[in-house]
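The structure appears below as structure tokens.
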Amino acid sequence: MTTLDPAGTEALRARAWAIAATVVDPEIPVLSIADLGVLREVRVTPAGVEVAITPTYSGCPAMNMITLEIETALAKAGIAPVTVTTILSPAWTTDWMTEEGRDKLRAYGIAPPVKGGGRRALFGEDTVACPQCGSTETSEIAAFGSTSCKSLWRCNACREPFDYFKCH
Amino acid sequence: MATGSVTVADQPLLRYLLRRADDALILGHRVSEWCGHAPIMEEEMALANMGLDLIGQARSLYGYAAEVEGAGNDENTYAYLRDERGYMNLLLVEQANGDFAATMLRQYLYSAFIHPYWLALMGSADPTLAAIAAKAEKEAAYHVRHSAEWVIRLGDGTAESHRRIAEALVRLWPFTGEIFEVDAAERGLIEAGVIPDPAGLRDGWKREVATILTRATLEVPADGWMQQGGRLGRHTEAFGHLLAELQYVQRAYPGATW
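Chain order of the listed sequences is C and G. Using this note's numbering, read the first sequence as starting at 4 and increasing by one per residue. Using this note's numbering, read the second sequence as starting at -16 and increasing by one per residue.
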């Protein structure tokens, strides 16, 4: 790749960030990796563009897919070569999810993680509001849901079942 | 990827990482054997989720091991191309699933240890280990709660469920002593503040386990003869069969990718 001046480097970095930020979580396609707080850093180096992401749950199979999608999105925009690296420290937490991401989740029918909830929230012992009717009269049906990040709940007011994005 | 069996360097941190990773991978594999066989849909989901967490934790640890070793091995060669004697997992986690009661009890005995262990490892002088532990801790907390609930329910359930989990407890208990064993290689890492001393967690584990077993109306077994050898690659009969299935594709079709 050609050598860029500082302004050109910054423009490329910003463009690469904007493109990487459009990649969505394959399991919850309303959330982008920027909403999730998974996209940590984009750097322009003499060797190319480096994108750093942080894994969510240890076993989340979406991470491999996300890496591939970032490479594809940047390649389509003519940005190459690209390396996607994984940063483990500091460990990702659901507190990094943006407010916008939380609103998108709710609109999609998934209750967003209780923020800064700590140990009690980890077990859904905090109040989880129904994403359909907003009632806090809810109860957990199963701690393990359709993906590693979700548990299954039910609203006792509107009687609808819903997914809750667990605190991590 | 290499195609023949691989051996790994004898280095304390590497050995430690592989032991912890092997625990997670082998237990994750055992739990995954329940896929399609769980008694109810919720447990199908729970077991798959727990297996996924464990295999994910193993991947993080193998990835770091590969970095530490720097010999061209990766998570796949560690998992698929090490021979039986190269695996250093606890004997507890390789024990056959048995029935649902035995599976939940095995999960509980391990999780009740590993959860406080990950919490302690978060204070490691090694930032990568601390980060892996920070993630694993949250996952393990769910495993403890879920498996403890089942131990209580089955122990304090019907005569049949009580009999089954009581039998599993007698069978699995002799494998719990090994959890707290430390050898010279790990002793050095403990002294350097890289890893916590599992012996320091033993009393807490015993109290916690005794509380749950008592609620389950089960008798806490006395600590008699304890099996060991897993940490040195000496396994029980169950392990070779497990490995044959786990490694089948890479052994039958060396270097296969898709």
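Backbone N, C-alpha and C fix where the C-beta goes; we use that ideal spot for every residue, glycine too.
Check                                                                                                                          : Outcome
Three-state secondary structure (DSSP) of Asp166(C)                                                                            : strand
Strand pairing of Lys153(C), partner residues [DSSP]                                                                           : Phe168(C)
Stretch-stretch touch, CB-based, cutoff 8 Å, three pairs: the stretch 15 to 32 of chain G with the stretch 71 to 86 of chain G : yes
Alpha carbon of Ser149(C) to alpha carbon of Thr59(C), nearest angstrom                                                        : 16 Å
Short CB-CB distance (under 8 Å) between Ser61(C) and chain A                                                                  : The structure shown has no chain A; the protein chains it does contain are C and G.
Euclidean distance between Cα positions of Leu44(G) and Lys118(G)                                                              : 12 Å
With 16 other Cβ atoms within 10 Å as the buried cut-off, status of Ser130(G)                                                  : buried
Val51(G) in three-state terms, based on DSSP                                                                                   : helix
Beta-ladder partner(s) of Gly51(C), from DSSP                                                                                  : Thr48(C)
CB-CB length for Phe168(C) against Pro115(C), believed under 8 Å                                                               : 6 Å
Spatially closest choice to Cys136(C) from Cys170(C), Cys158(C), Pro9(C), by CA coordinates                                    : Cys158(C)
Whole-angstrom C-beta distance between Ile69(C) and Ile82(C), which should lie under 8 Å                                       : Wrong, their Cβ atoms sit about 17 Å apart, outside the cutoff.
Per-residue contacts from Leu71(C) into chain G (C-beta, under 7 Å)                                                            : Result: empty, since nearest Cβ-Cβ is about 15 Å, beyond 7 Å.
Min CB distance Gly40(C) to chain G below 8 Å                                                                                  : no
CB contact flag (Ile38(G), Leu8(G), <8 Å)                                                                                      : yes
Selected residue, minimal CA-CA separation from Thr(-10)(G), among Gly46(G), Gly69(G), Tyr47(G)                                : Gly69(G)
Closest by C-alpha distance to Gly34(G), when choosing among Glu53(C), Ser61(C), Gly51(C)                                      : Ser61(C)
Residue range of the beta strand (DSSP E) that includes Thr86(C)                                                               : 85 to 89
Per-residue burial, Asn56(G) [other beta carbons within 10 Å of its own, 16 or more giving buried]                             : buried
Proximal residues to Trp101(G) (C-beta, below 6 Å), its chain only, five neighbours per side dropped                           : Ala116, Ala119, Glu120, Ala123
Ser(-12)(G) - partner residues in DSSP beta bridges                                                                            : DSSP, once it has assigned bridges, lists no residue as partnering Ser(-12)(G).
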